[in-house]
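Presented below is the structure to which this report refers.
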Amino acid sequence: MNAEVTAAPAVAETVPEKKEFWRWQENTWVDETKDWKTAKIITCGIDVGSVSSQAVLVVDGELYGFNSMRTGNNSPDSATNALQGVMDKCGMKLEDIHYVVGTGYGRVNVPFAHKAITEIACHARGANYMGGNGVRTILDMGGQDCKAIHCDEKGKVTNFLMNDKCAAGTGRGMEVISDLMQIPIAELGPRSFDVDVEPAAVSSVCVVFAKSEALGLLKAGYTKNKVIAAYCQAMAERVVSLLERIGVEEGFFITGGIAKNPGVVKRIEKLLGIKAMETKVDSQIAGALGAALFGYTLMAKKAAG
Amino acid sequence: MIANYGYKDGSGEYYISIDTDKCIGCAAERACLTACPKQMFEIITDDYDDEVAWIKKPNCRTLSYDCADCKPSGGYTSLPCITACTPGAIKHSW
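This is the structure:
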């Protein structure tokens, strides 16, 4: 029997696009009202963090522009790309910049940096610029670590504590929850308030166990919003316990990506009984801004002789 | 400046605090460097250009294990680093 072999029908080659719910908004901004070409001192701060990288340009001691983007698998490339993004936006070249300061966990790998300064000192300095000289307590909720900092009226660190051993209560934890719930990361905060009754915090904010914990709650009948609320509450409790170790003074300022999540911020404020100071500047650039300001101070001192 | 090195995890809080104001121009001639059996202390120039002691980075994440031998269960009645630091700059949280 001669069975006629026919070609199998073509399989549709369209692969469904995987949505990256965790992907936060990368951002480039330049102050169009200023002209950097007339500036005496241009400095740059580059913060290469574990999750995001920022390049900030400071012109004569004032914030001029920034670029905030995701850190790649290579710190020097991340630093270069971050800086290139903001330079392209304003038509600047590397040789126009008088001093570059690197900060963040990849600070020693910034190829064109003149100096490296820890992110602790830079966040304090940046927060002092963004929130004014009344800032005393800073909480930096970074991508994979958390820092509690006290500073004086000049933004000089007087007390600090950092937890970089455990990623609980950090931006990466929020990204994991965002992907798991299939809700864009920017919506997590507002949706965490859309619950009938505020749930108890999840028992573990461990990023590794977050998935199983959240799935368990969904199985138990929690809505997605309720799971998010429980996770935001747990993150808030976690960082508040860190803050309480060094004490919290009035003039409370939050930096880092999580500062954009009202679900966590409002819960922290409730636990502490203090309202966080507000700023129009992107909270994620505090470290790089502080680094650029350190550079400006050094150059201004040098210029003054 | 009070610099806290260490971490908090599921088992507890493990921080060594160094009061760098007492550390600058050390009156104990940097005795912490040799007092610590694990040689965890190191002198660095901090962000404000002061020469101060800190805890070496790898030890910051393993303090509960690194310091265990010097705690009472290890036979010590007082911590060697705290005893050696006569200006009183070093404290343990646990």
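Going down the list, the sequences are from chains B and P. Mapping of the first sequence onto the numbering used here: residues 1 to 305, in sequence order. Mapping of the second sequence onto the numbering used here: residues 1001 to 1094, in sequence order. From the three backbone atoms N, C-alpha and C, an ideal C-beta is built for every residue, glycine too.
Have a look at T137 of chain B and S53 of chain B and give me their C-alpha separation to the nearest angstrom.
Numbered from 1 along the first sequence, position 137 holds the residue referred to as residue 137 of chain B. Numbered from 1 along the first sequence, position 53 holds the residue referred to as residue 53 of chain B. If you take the alpha carbons of T137 of chain B and S53 of chain B, they lie about 23 Å apart.
Are the segment 38-50 of chain B and the segment 107-114 of chain B in contact at 8 Å, needing three or more beta carbon pairs?
yes
Using 8 Å as the limit for Cβ to Cβ distance, is Y1007 of chain P near chain B?
Taking the second sequence and counting its residues from 1, the one referred to as residue 1007 of chain P is at position 7. Yes - at least one Cβ of chain B is within 8 Å of the one on Y1007 of chain P.
Chain B within 8 Å of I1055 of chain P, Cβ atoms only
Your numbering for residue 1055 of chain P matches position 55 in the second sequence. It does not; no Cβ of chain B falls within 8 Å.
Tell me where the alpha helix (DSSP H) around H123 of chain B begins and ends.
Looking up residue 123 of chain B in the first sequence gives position 123. 119-131 is the span of the alpha helix (DSSP H), which, as asked, contains H123 of chain B.
Bridge partners for A1089 of chain P per DSSP, in chain order?
On the second sequence, residue 1089 of chain P is found 89 positions in, with the first residue counted as 1. Bridge partners of A1089 of chain P: none, in fact.
Name the chain P residues whose beta carbon is nearer than 9 Å to that of I117 of chain B?
Residue mapping note: residue 117 of chain B aligns to position 117 of the first sequence, counting from 1. Per Cβ cutoff of 9 Å: D1047.
Sort out for me which residues DSSP pairs H150 of chain B with in a bridge.
As a working mapping, residue 150 of chain B is identified with position 150 in the first sequence. For H150 of chain B, which the question treats as bridged, DSSP gives the partners B:T137, B:N159.
Taking 7 Å as the cut-off, is the C-beta of F66 of chain B nearer than that to any heavy atom in the ligand ZN?
Judged by which ligands are present, the structure shown has none, so any question about the ligand ZN falls away.
Interface partners of Y1015 of chain P on chain B, CB under 8 Å
In the second sequence, counting from the first residue as 1, residue 1015 of chain P sits at position 15. Those are L161, R245, listed as they occur along chain B.
I want to see whether chain B comes within less than 8 Å of A1003 of chain P, judged by CB atoms only; does it?
Translated into the one-based positions of the second sequence, residue 1003 of chain P becomes position 3. Chain B, which has a Cβ nearer than 8 Å to the Cβ of A1003 of chain P, makes this yes.
Quick one: grab the DSSP three-state call for F312 of chain B.
The shown model of chain B, from 1 to 305, leaves out residue 312 of chain B, and the question about it has no answer.
Using the C-alpha atoms, what's the distance from A127 of chain B back to V197 of chain B?
Numbered from its first residue, the first sequence carries residue 197 of chain B at position 197. Numbered from its first residue, the first sequence carries residue 127 of chain B at position 127. So the alpha carbons of these two residues sit roughly 35 Å apart.
Three-state class that DSSP yields for T1020 of chain P in the structure shown:
Looking up residue 1020 of chain P in the second sequence gives position 20. Looking at T1020 of chain P - three-state DSSP - the assignment turns out to be helix.
If you check the beta carbons only, do K165 of chain B and D1009 of chain P fall under 8 Å apart?
On the first sequence, position 165 is the one that residue 165 of chain B refers to. On the second sequence, position 9 is the one that residue 1009 of chain P refers to. Their beta carbons are under 8 Å apart, which means K165 of chain B touches D1009 of chain P by this criterion.
Does any CB atom of chain P fall closer than 8 Å to the CB of A121 of chain B?
If you number the first sequence from 1, residue 121 of chain B lands on position 121. Yes, its Cβ sits closer than 8 Å to a Cβ of chain P.
Compare the C-beta of V157 of chain B against all C-beta atoms of chain P and say whether one is closer than 8 Å.
Taking the first sequence and counting its residues from 1, one reaches residue 157 of chain B at position 157. Closer than 8 Å to some Cβ of chain P, the Cβ of V157 of chain B qualifies, so yes.
Taking A79 of chain B as the reference, which of B:V100, B:K266, B:L188 has the closest Cα?
One-based indexing of the first sequence puts residue 79 of chain B at position 79. It is B:V100.
Quick check: is the beta carbon of C44 of chain B nearer than 8 Å to any beta carbon in chain P?
Along the first sequence, one-based indexing puts residue 44 of chain B at 44. Not closer than 8 Å to any Cβ of chain P, the Cβ of C44 of chain B fails to qualify, so no.
Inter-residue Cα distance where the pair is N73 of chain B and C122 of chain B
Reading the first sequence from its first residue, position 73 is the one you call residue 73 of chain B. Reading the first sequence from its first residue, position 122 is the one you call residue 122 of chain B. If you take the alpha carbons of N73 of chain B and C122 of chain B, they lie about 23 Å apart.
Could you pull the start and end residues of the beta strand (DSSP E) that A236 of chain B belongs to?
Sequence index remark: in the first sequence, residue 236 of chain B carries index 236 (1-based). It is not in any beta strand (DSSP E) - A236 of chain B instead sits in the alpha helix (DSSP H) that spans 224-246.
My understanding is that Q144 of chain B touches T118 of chain B, with C-beta atoms under 8 Å, so please give their C-beta distance in whole angstroms.
Your numbering for residue 144 of chain B matches position 144 in the first sequence. Your numbering for residue 118 of chain B matches position 118 in the first sequence. The pair is not a contact, with the Cβ atoms about 16 Å apart (cut-off 8 Å).
Endpoints, the beta strand (DSSP E) within which D47 of chain B is located:
Your numbering for residue 47 of chain B matches position 47 in the first sequence. Taken as a continuous stretch (DSSP letters only), the beta strand (DSSP E) holding D47 of chain B covers 42-48.
Taking only beta-carbon atoms, is L314 of chain B less than 8 Å away from chain P?
No answer is possible for residue 314 of chain B: the residues shown for chain B start at 1 and end at 305.
Within chain P, the residues that K165 of chain B reaches when beta carbons sit closer than 7 Å:
Reading the first sequence from its first residue, position 165 is the one you call residue 165 of chain B. Those are Y1007, D1009, R1061, listed as they occur along chain P.
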